[in-house]
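Participant: Protein chains in written order, with my numbering: chain A, 104 to 154; chain B, 63 to 691; chain C, 2 to 163. Think of the CB as a built atom: it goes at the ideal place given N, C-alpha and C, for glycine as much as any other residue. Bear in mind that the values here come from a model prediction, so they are computed numbers and not experimental data. Have a look at this one.
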Amino acid sequence: MSEVRCLNCLKRFSVNAGADEAACPYCKTRYRISWPRQDQPKIRGLVEKSR
Amino acid sequence: MVWKRRIAYINLTTGKIISKPIPKQLRQLYLGGRGINMYLLYNHLTPEVDPLSSENILLVGTGLLCGIPALGSGRCDIAAKSPVTGAIGDSNIGGFFAPELRLAGFDHLMISGKAEKPVYLLANDGNIEIHDANHLWGKDTFETQDMIRDDVKDEEVKSLVIGVAGENMVRFANVRTGMKNSAGRTGMGCVMGSKNLKAIAARGTMDIEFSHPDELLDYCKQMNDMITETRWARAQSKWGTLIIYSNTNTTGLIRTRNFQLNRLEKGEDLEPENMDRYTIGMSGCYGCSVHCRHRYVLKEGSYAPIFAEGPEYTSLGAFGTMVDCNKMETVLVANHLVNKYGLDTLETGGLIAWAMELYEKGIIDEKDTAGLKLEWGNEEILFQLITQIAHREGFGNILADGFNTAISKIGKGSEYYAIQIKGMSSLHSDERPTPSLALGICTSTRGADHLRGRPAIDLYGLPQEMLQEIYGAPVSSDYTAYEGKSRMVWWQELLYAVTDAIGTCKFQTVFCAVHAPKWTEFKNLIQLATDMKFTESELMDVGERIYTIERMFNLREGFSRKDDALPERYFKESTPTGLPIAKGKKIDRNGFEKMLDEYYVLHGWDHNGSPKKETLERLGLDKEPSHIV
Amino acid sequence: MQKILFIDPEKCSGCRLCESVCSLHHEKVCNPTRARIHVVKWETSGLYVPMVCQQCENPICEVVCPMRAIKKDEKTGAMLIDYDLCVGCRLCMMFCPLGGINLDAKSGKVLKCDLCNGEPRCVQYCEPQALQYLNATTINLKKRRKAAEKYSELMKKMLATV
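Structure (structure tokens):
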């Protein structure tokens, strides 16, 4: 369950429990992550380049 | 049994009310809800009547499975000829009205004529009465419901109501029930207003009987578990449909500044997680274990205090991205305003965004808008325009007639900027990177729409084998491709037609969740509830019958292939931003026309989109209008 | 230890699944007016409170019943109506301070929650867990933990500022 689907390359990758950021290992897109449930992450938005 | 439920014919001109049983034959062909409503509309409406004349008919129908403890089975379907498009008018509403109507003994209402003065209907245990509604005229959608409960002296009365927008015959006025639920699209509230019908109330205590109650109860538990175990429902339970924004705005699939950008920059405040600041809890429609609606409170600001429910993803786009407002509070206030007035959120936002772009381009100026500076991101202008539209004041009065009329009044090339199909605004989704979604909004029988045939799971890039299993033939996993996409749209159209006919929630079938109940589960539920037996393919035929009779209605009103058209901008302007997968995309004209050809073939329609003779015969539609009821 | 049907109105989504499940299980039809549980709503302020018999320790219904038709089930603790004895006087309904007893307009019988013989169906279908079937100690601990949360938040803040 602790996976998200990359919105750019559409491949699934796992996210560390409770992490608030994660990068797709395939296309390197970086996302902010939120957790609707403890065991289920979702993509919240992009990590903006300026940060 | 379900067979005891009746259809009532209510003539508001004469005050005459009669009721009849609903023949089982009709149930076999159309099930209920949207299915039977579409049959009635095709059979009883005189072609080419003015939607605002007393000759239009208003249909209210509960789904076949209304009342089962699963899948949000309390959906109600409202239909008429649409004053927005002139095509099929049809809108689906959740909440608690439909079960109450069924408990009162009725599954379908056919309302014709026009009352001399404002009235409301009250259905109660086998009877329907027409009541005076003079004291309700001018009241908002919340007050109206409270006042009816006071009138009847019963807290449990449920009502479908219109607000001032419906009274003023704003073309896209909606019908509402409870705090949250709206039959938003195609202007069914406008039709009620044109008939001087302020509300339809129901209260019932009559048993709803099912064929196999014990087995049905157990199976319903399985259905609820099936949907609540999906990732989609789990996230939706927490943040509602707003979660779609996380995907679409991150990717670049969202209309911003009408149609100028496909992503809202600095859009963090609109992220669903931020609803936690305002939410006091979630709420669910009848029989729903997902509960996707926020109950929210606004304690500060010039419109506070507000208690309201919502907003849906649609409102986030309508009053957020499309008009370039990037504050959640703007969306929350606007959501409350349109709900109070009884305006369709999507159409309202779509028209305002269009007007803002016309203002920016200099096609209209302050002389046209009576002094309003229609600048992007100006929330005060947004709130003012919403209020003007509902009351038909100032520039709002032009928008209140919808795209078709507003385009001809404004002229000057304004049509190019209007993101509408058949005269109805499209959702704030940007379909340029997604051919399947673009096709779906064009073929929708009720005008641009995402709830008629959107294959939303296309966005997940599912494995080819899984797609083949669902759709029954090869479909490309790539959502930017054209191959097999017509099949997805066709298949979803049939599924949604049947979902609306059994009256369960579209979010609890294969819409955004892949592993959700569909044909097999629907077939089983129907058998346990009614003893009617279908195979999966027979159930798909029911969907085909419903969709094709809708098409026949539209053809009779003069619509054809030319109306299944995308706005030109989809072909001409490429998406300027977004992730690599979505950037620089536009729809290929040849690819699109080929999809449309394939789509007609799948339905058994000819090159022009008219059903072929053998299709009509196969579905038994060659005998229509048949006047079974 | 006997369990209690515990109601947490803050979690209730107002979907009324409990009502239809209850009537379908007991009466074999869907009819909220014939259910033993009812979600009382204040729709315009967004408040939903499921109301059901609380199986009181000192049940007034038992005391007022002239036929001694209401008795405690030793296994579940539910107060059960013996319909062979019940004469339908409705005194139980009139005296119950919680509205825990419902009148079935169709049969004329009084209806009350029987805890489904120790497996309450409403609880099984309540996804938000506004209805739970718990033993009394658990409920107390839950309530205490919830009350203590306020203090723990406060303490966290204090520690953070140190």
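1. Between G411(B) and F381(B), is the Cβ-Cβ spacing less than 8 Å?
2. For G167(B), which residues in the same chain have their Cβ closer than 7 Å to its Cβ, ignoring the five residues on either side in sequence?
3. Are the C-beta of Y152(C) and some C-beta of chain B separated by less than 8 Å?
4. Using the three-state DSSP reduction, which class does K220(B) fall into: helix, strand or coil?
5. Please list the partners that W301(B) has in chain A, where partner means a Cβ-to-Cβ separation under 7 Å.
6. Use the C-beta contact count for M159(C): other C-beta atoms within 10 angstroms, 16 or more gives buried, fewer gives exposed.
7. Along the alpha helix (DSSP H) that carries R69(C), what are the first and last residues, could you check?
8. Who are V107(A)'s beta bridge partners in DSSP?
9. The alpha helix (DSSP H) spanning I38(C) covers which residue range?
10. Taking C-beta to C-beta, are S105(A) and E335(B) nearer than 8 Å?
11. May I ask you to report which of helix, strand or coil DSSP gives D202(B)?
12. Find the residues of chain A that neighbour E333(B), judging by a C-beta separation of less than 7 Å, and give them in chain order.
13. What does DSSP give as the partner residues of R238(B) in its beta bridges?
14. Using a Cβ-Cβ cut-off of 8 Å, state whether N119(A) counts as contacting chain B.
15. Would you verify that the beta carbon of R108(A) is, or is not, closer than 8 Å to some beta carbon of chain B?
16. So, is Q130(C) buried or exposed, given that buried needs 16 or more other C-beta atoms within 10 angstroms?
17. Mind checking if R357(B) is an interface residue toward chain C, Cβ cutoff 8 Å exclusive?
18. Quick one: list the residues of chain C neighbouring T267(B), beta-carbon separation under 9 Å, in chain order.
19. Residues of chain A with CB under 7 Å from E330(B), in chain order?
20. In or out: C19(C) buried (at least 16 other Cβ within 10 Å) or exposed?
21. If we define contact as Cβ-Cβ less than 8 Å, is L323(B) a contact residue for chain A?
22. Alpha carbons only, please: which of G485(B), R514(B) and N311(B) is nearest the one belonging to L499(B)?
23. What separation, rounded to the nearest whole angstrom, lies between the Cα atoms of H669(B) and M657(B)?
24. Would you mind listing the beta strand (DSSP E) stretches within the stretch 152-195 of chain B that are 3+ residues and don't spill past its ends, in chain order?
25. When you compare the CB of G15(C) with every CB in chain B, is at least one pair closer than 8 Å?
26. Measure the alpha-carbon distance for H665(B) versus E545(B) and round it to whole angstroms.
27. What first and last residue would you give for the beta strand (DSSP E) that runs through H512(B)?
28. Please report the straight-line C-alpha distance between I306(B) and S153(B), rounded to a whole angstrom.
29. So if DSSP puts G148(A) in a beta bridge, which residue, or which two residues, is it bridged to?
30. List the DSSP bridge partners of F692(B).
31. Please report the distance separating the alpha-carbon of P638(B) from that of G523(B).
32. Apply the 10 Å Cβ neighbour rule to A263(B) and answer buried if 16 or more other Cβ atoms are within range, or exposed otherwise.
33. Consider the Cβ of T124(B): report whether some Cβ of chain E lies at a distance smaller than 8 Å.
34. Using the Cα positions of P10(C) and V40(C), report the straight-line distance between them to the nearest angstrom.
35. Exposed or buried, Q87(B), counting other C-beta atoms within 10 Å across all chains shown (16 or more means buried)?
36. Is the beta carbon of L54(B) sitting closer than 8 Å to the one on M602(B)?
Facilitator: Taking the geometry as given:
1. Locating residue 411(B) in the second sequence gives position 349, where the first residue counts as 1. Locating residue 381(B) in the second sequence gives position 319, where the first residue counts as 1. Going by C-beta atoms, G411(B) is nearer than 8 Å to F381(B).
2. Numbered from its first residue, the second sequence carries residue 167(B) at position 105. Hits under 7 Å: R67, R68, D187, G188, G266 and M268.
3. Numbered from its first residue, the third sequence carries residue 152(C) at position 151. By this cut-off, Y152(C) is not an interface position.
4. Here residue 220(B) is taken as the residue at index 158 of the second sequence, counted from 1. In the structure shown, K220(B) sits in a strand (DSSP, three-state: E or B).
5. The residue labelled residue 301(B) in the question sits at position 239 within the second sequence. Near W301(B) (Cβ distances below 7 Å), the residues of chain A are P139.
6. One-based indexing of the third sequence puts residue 159(C) at position 158. Classification of M159(C): exposed, given that the 10 Å Cβ count is below 16.
7. Numbered from its first residue, the third sequence carries residue 69(C) at position 68. Where R69(C) is concerned, there is no enclosing alpha helix (DSSP H), given that its DSSP letter is neither H nor E.
8. Taking the first residue of the first sequence as 1, we reach residue 107(A) at position 4. F116(A), per the DSSP bridge assignment.
9. Taking the first residue of the third sequence as 1, we reach residue 38(C) at position 37. Neither: I38(C) is in no alpha helix (DSSP H) and is coded neither H nor E.
10. In the first sequence, the residue the question calls residue 105(A) occupies position 2. In the second sequence, the residue the question calls residue 335(B) occupies position 273. It is not a contact, given that the beta carbons lie outside the stated cut-off.
11. Counting from one through the second sequence, the residue named residue 202(B) turns up at place 140. Reduced to three states, the DSSP call for D202(B) is coil.
12. Here residue 333(B) refers to the residue found at position 271 when the second sequence is read from its first residue. Neighbours of E333(B) on chain A, chain order: R147 and G148.
13. Here the question's residue 238(B) lines up with position 176 in the second sequence. BP columns for R238(B) point to V223(B) and S244(B).
14. Against the first sequence, residue 119(A) aligns to sequence position 16. No, N119(A) does not count as interfacial toward chain B.
15. Taking the first residue of the first sequence as 1, we reach residue 108(A) at position 5. Judged by the 8 Å Cβ criterion, R108(A) is in contact with chain B.
16. Here residue 130(C) refers to the residue found at position 129 when the third sequence is read from its first residue. Looking at its Cβ environment, which holds fewer than 16 other Cβ atoms inside 10 Å, Q130(C) is exposed.
17. On the second sequence, residue 357(B) is found 295 positions in, with the first residue counted as 1. With 8 Å as the cut-off, R357(B) counts as an interface residue toward chain C.
18. Position 205 of the second sequence, counting from 1, holds the residue named residue 267(B). Neighbours of T267(B) on chain C, chain order: N32, P33, T34, R35, A106 and K107.
19. Translated into the one-based positions of the second sequence, residue 330(B) becomes position 268. Near E330(B) (Cβ distances below 7 Å), the residues of chain A are G148.
20. In the third sequence, counting from the first residue as 1, residue 19(C) sits at position 18. Answer is buried; the Cβ neighbour count reaches 16.
21. As a first step, residue 323(B) is located in the second sequence; it is residue number 261 there, counting from the start. With 8 Å as the cut-off, L323(B) does not count as an interface residue toward chain A.
22. Here residue 499(B) is taken as the residue at index 437 of the second sequence, counted from 1. If we check each option's Cα against that of L499(B), R514(B) comes out closest.
23. Counting from 1 along the second sequence, the entry for residue 669(B) is found at position 607. Counting from 1 along the second sequence, the entry for residue 657(B) is found at position 595. The alpha-carbon atoms of H669(B) and M657(B) are separated by roughly 12 Å.
24. 168-174, 181-186 and 189-194
25. Start at 1 with the first residue of the third sequence, and residue 15(C) comes out as number 14. Yes, its Cβ sits closer than 8 Å to a Cβ of chain B.
26. As a first step, residue 665(B) must be located in the second sequence, where it is residue number 603. As a first step, residue 545(B) must be located in the second sequence, where it is residue number 483. Near 17 Å, if we compare the C-alpha coordinates of E545(B) and H665(B).
27. On the second sequence, position 450 is the one that residue 512(B) refers to. First-last for H512(B): undefined, no H or E at that position.
28. The count along the second sequence starts at 1 and reaches residue 306(B) at position 244. The count along the second sequence starts at 1 and reaches residue 153(B) at position 91. If I take the Cα positions, the gap works out to 22 Å.
29. For this step, residue 148(A) is matched to residue 45 along the first sequence. Paired residues: R135(A).
30. An answer regarding residue 692(B) cannot be provided, because it is not within the stretch 63 to 691 covered by chain B.
31. Numbered from its first residue, the second sequence carries residue 638(B) at position 576. Numbered from its first residue, the second sequence carries residue 523(B) at position 461. Answer to the nearest angstrom: the Cα atoms are 22 Å apart.
32. Locating residue 263(B) in the second sequence gives position 201, counting from the first residue. Buried, by the Cβ-count rule.
33. This model lacks chain E altogether, as its protein chains are A, B and C.
34. Reading the third sequence from its first residue, position 9 is the one you call residue 10(C). Reading the third sequence from its first residue, position 39 is the one you call residue 40(C). Each residue's Cα considered, the two are about 9 Å apart.
35. Locating residue 87(B) in the second sequence gives position 25, counting from the first residue. Q87(B) should be labelled exposed.
36. Lying outside 63 to 691, the shown extent of chain B, residue 54(B) is not represented and no answer is given.
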